[in-house]
Amino acid sequence: MPVTTNFMVTAHIRNLDYWQWAPEVDVIANDHYLDHRLGDPVTELSFAADLTRGLAGGAPWLLMEQATGAVNWQPHNLAKAPGELTRNSLTHVARGADAVCFFQWRASLQGSEKFHSALVPHAGTDTELWREVVALGATLDRLVDVAGTRVVADAAIIFSWEAWWAGDGESRPSHSVEYLGQMHAAYTALHRLGVTVDVVAPDADLGRYRLVVVPTLYLVNDADAANLSDYVANGGHAVVTFFSGIVDEDDRVRPGGYPGAFRELLGIRVEEFSPLLPGRQVGLDSGAAAGLWTERLHLDGATAVARYLDGPLPGFPAITRNSFGRGTAWYLATALDSDALREVMRTATQAAHVTALGPESDGSIEVVRRADATHSYLFIINHGHSTIEIAASGRELVTDVAVDRIVRVPAGAVRVIREDTAA
Amino acid sequence: MPVTTNFMVTAHIRNLDYWQWAPEVDVIANDHYLDHRLGDPVTELSFAADLTRGLAGGAPWLLMEQATGAVNWQPHNLAKAPGELTRNSLTHVARGADAVCFFQWRASLQGSEKFHSALVPHAGTDTELWREVVALGATLDRLVDVAGTRVVADAAIIFSWEAWWAGDGESRPSHSVEYLGQMHAAYTALHRLGVTVDVVAPDADLGRYRLVVVPTLYLVNDADAANLSDYVANGGHAVVTFFSGIVDEDDRVRPGGYPGAFRELLGIRVEEFSPLLPGRQVGLDSGAAAGLWTERLHLDGATAVARYLDGPLPGFPAITRNSFGRGTAWYLATALDSDALREVMRTATQAAHVTALGPESDGSIEVVRRADATHSYLFIINHGHSTIEIAASGRELVTDVAVDRIVRVPAGAVRVIREDTAA
Amino acid sequence: MPVTTNFMVTAHIRNLDYWQWAPEVDVIANDHYLDHRLGDPVTELSFAADLTRGLAGGAPWLLMEQATGAVNWQPHNLAKAPGELTRNSLTHVARGADAVCFFQWRASLQGSEKFHSALVPHAGTDTELWREVVALGATLDRLVDVAGTRVVADAAIIFSWEAWWAGDGESRPSHSVEYLGQMHAAYTALHRLGVTVDVVAPDADLGRYRLVVVPTLYLVNDADAANLSDYVANGGHAVVTFFSGIVDEDDRVRPGGYPGAFRELLGIRVEEFSPLLPGRQVGLDSGAAAGLWTERLHLDGATAVARYLDGPLPGFPAITRNSFGRGTAWYLATALDSDALREVMRTATQAAHVTALGPESDGSIEVVRRADATHSYLFIINHGHSTIEIAASGRELVTDVAVDRIVRVPAGAVRVIREDTAA
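Chains as they are written, first to last, in the numbering used here: chain X, 532 to 954; chain Y, 532 to 954; chain F, 532 to 954.
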């Protein structure tokens, strides 16, 4: 019998290394709930969906639980706005889900979960929530052919529970450097550029990607470090951020200058970490602003892309780029602010010829493609407050109309185009 | 033998349902200490005194403990300003206390309570504190005839320990909605309008009141819900605030649309709660500002008094009014700011012909009447920084002078007029 | 065999009364680490070194542990800036250390201390950190003759672990009044004035000092109280701050008006404490600003130097001065802000003819003298960003040059002059 279980790939849950568990189940399934304690819960949903797909090795997966509206376990449990249930659900589908399930069918009247939303709310079926549920069911019916297709991505981000556990330990240089926060920052920069990324394990086959981003991979074993180096040597592009490659799989520092695992790949040598107090900002000669972290970094083959203007290490390189074999490896030695991080990612993705399906946005526009050998489906999710236009041709399945070159997506709406030619 | 015990009707203490215990003692007694962790400790004193009187069923009670000055268990233990001891003490008397006792007689020299103030301070009797104690004793001597009279009030506010316990539970829609905070907000609005209120249990005989206010009565049993509805049906006026009437006495949600217990009374039906993140404000078309909470509310007989201009539910009703039987029931679906809440209460009290003994103020003026069949006493407490004038005629007992039509009360002073004609 | 152990005279560690332990060891040794959770970690280093010298009874001591760079146990572990290691180390030497040792020799690769800096960092010896270590060794070689000399100071500050433990207890007037914070504030004021102070026990021989400062000495036994009073009676100058002399050695309040132990010495009588809520400021008629604490204080022989303009006790004395025997005793009844506190200390040190070796500064300049019967050494530490000039003549040992009347100390540098004539 095929087996599955509901993983919890969601912020704040980190107890299990799902890379170890995933091969043992036949179908990957996930529970996901928007977390309004985060700065950007909607982008986190996309990240979690991409990571769930990574656990499935790129194959379709099941969204086993989500909420129609508010949950009951956050300090402030927000309802969903009109259309948000559909946008959330189809974002999961766009990113690989072949099923959209919920907790719970009928809102319970007693017990600790009675204020957790349900398909049928306390107020019954004469409710906006119920009507959204029914409409979602109808929409999903029209997307039945999407099932089985795979998400198209030519960029990847490396995620590691072991690096999370080890890097967020007690006695570390800065408690303000947290794995998930740095991961989300890197993911968000790519998301804002309209790039679809696979979220993969450190030992993944990277050869299929044009760009691989490695945020704060504090712990990495020799094989996985070689995996990344070989990828670049063979023509790949990588962006590695600070506090990566510091220790081996036993949490043993790799001596001789940081980041031990990636020193040669990056063409740098770091003498000493120099964290910043919270709230302190440093400027770069590129005009960028950064914080949290700096390093006493020496070039050892790499080029300085930007240097500190101030802070504890003025004149030292903050962003570097190294030619390694037939590829290119970037290093970010500081926590760039979101604008500066996106600027670096824009340059890196363009140099690597990464596909940006969507336009650049503030995160309100997501464009993702699923395809198989014969068909492709373009998902467009408009979280914003105005109509957008996206180039596409084919059959729009949500509204069941033909699309010729341009599809207009109203504020808050989702469109799925069965494209005329597979991507 | 008559029995009593010192209840702790004071902020932050909520372990016991005194409505259950009160009938078992012969005389109600309370301990009260100003709590400077609160935004307005002086108004909380009045609230606690009114609630203690409620426990006594309106009969006189004893203030068994209070402090002459600072306590020792708050983070910052403020001394009392000149006159504050008298104002605090006579506020308790005005609101039903027939005795004013203290902890402790002589300031202890050792132990955890050594910095708790006392009648005789560490510095001895050549102190301002001791002189205030002596003066208070003299003043109380002149008020001896007040003993046995009852406070006059024609408005009530419903208080329930069971609703407090259940509504402040773990898995609730918003942790920023706290029972005592909502209770104090409603009480404060009435207090600022110069209205004396009785604080009563949900099963109290409401027929004697012109207005009954019901803040956040999350849990209510059928009989108590009927008690309120019957009161309105028979011509009463009620103001009910959000997150009231949600569950029965077993914490079981009343289905079919919130607020289940009061849906018919209020003429509304709420599909879904929509809490707000802290700090987020919504505007109403009445000009009011609100926060914390909104609801997807439909009119089902009620009139919309104000609607949201923005926030998650623009255009939905925020304040409603319903004619029910021969009475009127208001509903506040959001946490109005203090100005807006007082504006609603002003309208409601005027429509209900509630007596405002005092002028409107910022809380610095309190006017309360105690009376029996033959005499009445008007207490005027001036917490403010300038002299006020209040209409009264009779004998002023604190200064022992005749008052003809107007009594002038200096900044910081208390006056008690034995009125020429009983109220 | 002589015995020693590494004391932990450093912020946040207070478990042991080192005054009790110190006589039992033959050589005093200390561990000190800069604590970037403090507002001014560099001045705290000087305080801790002065207190360590106090434990040694003025004799030389050993710095058994410090860090070459960052530690690993603070939330944000900052690296040391260029020159900081030398400044830190020579500040310890200037204040009595005859040895400068480190934790740890070689940076560990595993375990909880692997990100604690070391003499040999992870990156090896081709590092700025290693070069600073080597240079420090060379500098210390040139200072070998300093060993055995003693620090010259004619002012003292009284420090008591017992007062710390008792005064920071649970049920106290204000949790914002903390012993170490008040101690650091008083020390900092003297430090900014260029004054070298000994940090001594309440039972120390005070006769050698021109000024003794007593911050928040909540608990004091009769003998130690008499020690201070006798000192002033014999011509000494004292500055006592609020919440001093309140209880005896059994934490028993001394009744009759605060501060019981020092009432006669100070010529005052305090009826009642009047703490302020955090953030509340009071103004004084001297132009000073203060907070946290006020008192209902009566003059009983003392003169009012400044009175409150506002707050709970307008018109009451805030700063007093009393002639007692042949000496003078100041009392600060409130927590003056840093400017006002320095102003009082400036007046008091000048009246007492206390030596200020250094110029007034923002804390960036430290000038300290060590001497024996035949030689004297003037240490000048410039933490600032510009060159300073200090009067001195002799041989400068760090750069090995002759100095004639003026030594110029570059930004960030330390100079040690073997003076032509002993002080």
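Beta carbons: idealized from backbone N, C-alpha and C, even for Gly.
Just so it is clear, the structure is predicted and the values come from calculations on it, not from any experiment.
Any chain F beta carbon closer than 8 Å to residue i
i, result
"A942/Y", "no"
"S907/X", "no"
"V751/X", "no"
"W636/Y", "no"
"N619/Y", "no"
"G842/X", "no"
"Y862/X", "no"
Reduced DSSP secondary structure (H/G/I, E/B, other) of residue i
i, result
"R618/X", "helix"
"P890/X", "coil"
"R900/F", "strand"
"Y740/X", "coil"
"Q812/F", "strand"
"W604/X", "coil"
"A942/F", "coil"
"L576/Y", "helix"
"D781/X", "coil"
"Y908/Y", "strand"
"L828/F", "strand"
"Y549/X", "helix"
"P746/F", "coil"
Range of the contiguous alpha helix (DSSP H) that encloses residue i
i, result
"W695/Y", "W692 to G698"
"G588/Y", "Segment: none, G588/Y is in no alpha helix (DSSP H) and carries neither H nor E."
"L721/X", "Y710 to R723"
"V665/Y", "E659 to R673"
"R794/F", "R794 to L797"
"V875/Y", "S869 to A882"
"L759/Y", "D753 to A764"
Presumed contact (8 Å Cβ cut-off) between residue i and residue j, rounded CB distance
i, j, result
"E659/X", "P613/X", "7 Å"
"R649/Y", "Q635/Y", "One point to set straight first is that residue 649/Y is Ala, not Arg, in the sequence displayed. Going by Cβ atoms, the distance from A649/Y to Q635/Y rounds to 5 Å, so yes, they are a contact pair."
"D729/X", "G589/X", "7 Å"
"R857/X", "T834/X", "That pair is no contact at about 17 Å."
"L584/X", "V682/X", "The residue asked about is misnamed: residue 584/X is Arg in this sequence, not Leu. Their Cβ separation, rounded to whole angstroms, is 6 Å, which keeps R584/X and V682/X in contact under 8 Å."
"A849/F", "R838/F", "6 Å"
Min CB distance residue i to chain Y below 8 Å
i, result
"V801/F", "yes"
"E950/F", "no"
"W604/X", "yes"
"L609/X", "yes"
"P848/F", "no"
"L808/F", "yes"
Other residues of its chain near residue i: CB distance less than 6 Å, five sequence neighbours each side excluded
i, result
"T912/F", "Residue identity check: residue 912/F is Ile in the sequence provided, not Thr. Taken in chain order, the residues that qualify are R618, T622, E897 and V945."
"E803/X", "R827"
"K482/Y", "With chain Y represented from 532 up to 954, any question about residue 482/Y goes unanswered, as that position is not in the structure."
"L547/Y", "none"
"V770/F", "V744, W861 and A879"
"G903/F", "In the sequence as displayed, the identity of residue 903/F is Asp instead of Gly. Excluding sequence neighbours, D903/F sits near T680."
C-beta neighbour in chain X for residue i, strict 8 Å
i, result
"Q812/F", "no"
"A654/F", "yes"
"P845/Y", "no"
Own chain partners of residue i with C-beta closer than 8 Å, once the 5 adjacent residues on each side are dropped
i, result
"I937/Y", "E920, I921, A922 and A923"
Close Cβ partners of residue i (< 7 Å) along its chain, the five nearest in sequence each way excluded
i, result
"P533/F", "D557 and V558"
"L844/F", "S805, T825 and R827"
"M595/Y", "N537, A560, N561, D562 and C632"
Unbroken beta strand (DSSP E) run spanning residue i, endpoints
i, result
"V836/F", "T834 to R838"
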